[in-house]
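Working notes, structure below.
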Amino acid sequence: MNSSKVTEKVYEYITEETDNACEEIPESACREAPGNFFLNAANGSLTKLAEVVASPGLVLPWLLASAGAPASLSGFLVPVHRGGALIPQLAVSGYIRAFSKRKWFWVAAGVAQAASLGLMVPSVLLFNGLTSGILVVILLAVFSMASGVGSVSFKDVLAKTIPKGKRGTLLSVRAAAGGLLALFAGLKKQMAQRGVAGMP
12 MNSSKVTEKV YEYITEETDN ACEEIPESAC REAPGNFFLN AANGSLTKLA
62 EVVASPGLVL PWLLASAGAP ASLSGFLVPV HRGGALIPQL AVSGYIRAFS
112 KRKWFWVAAG VAQAASLGLM VPSVLLFNGL TSGILVVILL AVFSMASGVG
162 SVSFKDVLAK TIPKGKRGTL LSVRAAAGGL LALFAGLKKQ MAQRGVAGMP
């Protein structure tokens, strides 16, 4: 049994696939639904992990403190995170809907999120104090704005690639897998901290 057949079988088991499940999406999209389901689930899991890594309430304040940034900068993290995610949804939703293919906004948002998170590490390693703190806040703003843009385009991609009756299941799988990844990341971080603390 090849991998595509395995994917289809697992998809049918998870979603309880029925013959009329694809009435609301094109036939071509229906054939790709199992693969799209699991790709979307993987994307959601990693996005959830990214949100935990970029947590403005726990991880980033610790990161700023470790870089010697002023404590006052931590007060900007939550407003920047929330405002950055909401404002693009209001500002660019109409612009995005003017395009027939909106998936590239979703792809670009994912790339921007990954890049902004990745750049936080050298921002702290190469700079310190106020400079590193400002860079982290700016990168958080980029991450949050990309999240807002991705949220708008995600809804369109979801509607065109996943049958309506399966979308709730997909969102549940995304949340569950993302939660497990976040838990695993937290455990690894705790183990690493204990290892460092136990070193002579």
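In our numbering, each residue carries its 1-based index in the sequence shown increased by 11.
A virtual CB, placed ideally from N, CA and C, is assigned to each residue, including glycine.
Q.
Within 10 Å of its beta-carbon, does residue 117 have 16 or more other beta-carbons around it, so buried, or fewer, so exposed?
A. In the sequence shown, counting from the first residue as 1, residue 117 sits at position 106. Under this definition residue 117 is a buried residue.
Q) Which whole-angstrom value is the C-beta distance of residue 81 and residue 144, which I expect to be below 8 Å? A) Residue numbering aside, residue 81 sits at position 70 when the sequence shown is read from its first letter. Residue numbering aside, residue 144 sits at position 133 when the sequence shown is read from its first letter. Indeed they touch by this definition, with Cβ atoms about 6 Å apart.
Q.
Relative to the C-alpha of residue 190, which candidate in 57, 114, 68 and 89 has its C-alpha closest?
A. The residue labelled residue 190 in the question sits at position 179 within the sequence shown. Selected option, being the one with the closest Cα: 57.
Q | For residue 174, three-class secondary structure by DSSP | A | As a working note, residue 174 is residue 163 in the sequence shown. Coil at residue 174, not helix or strand.
Q) In whole angstroms, what separates the C-alpha of residue 129 from that of residue 150? A) Reading the sequence shown from its first residue, position 118 is the one you call residue 129. Reading the sequence shown from its first residue, position 139 is the one you call residue 150. C-alpha separation (whole angstroms): 9 Å.
Q | Beta-carbon contacts of residue 119 that lie in its chain and below 7 Å, excluding the five residues immediately before and after | A | In the sequence shown, counting from the first residue as 1, residue 119 sits at position 108. If you ignore the 5 residues before and after residue 119, its C-beta comes within less than 7 Å of no other C-beta in its own chain.
(Q) Closer than 8 Å is the cut-off here; do at least three beta carbon pairs connect the region 60-74 with the region 86-94? (A) yes
Q | Whole-angstrom distance between residue 181 and residue 108, CA atom to CA atom | A | Working through the sequence shown from its first residue, we reach residue 108 at position 97. Working through the sequence shown from its first residue, we reach residue 181 at position 170. Straight-line Cα distance between these residues: approximately 23 Å.
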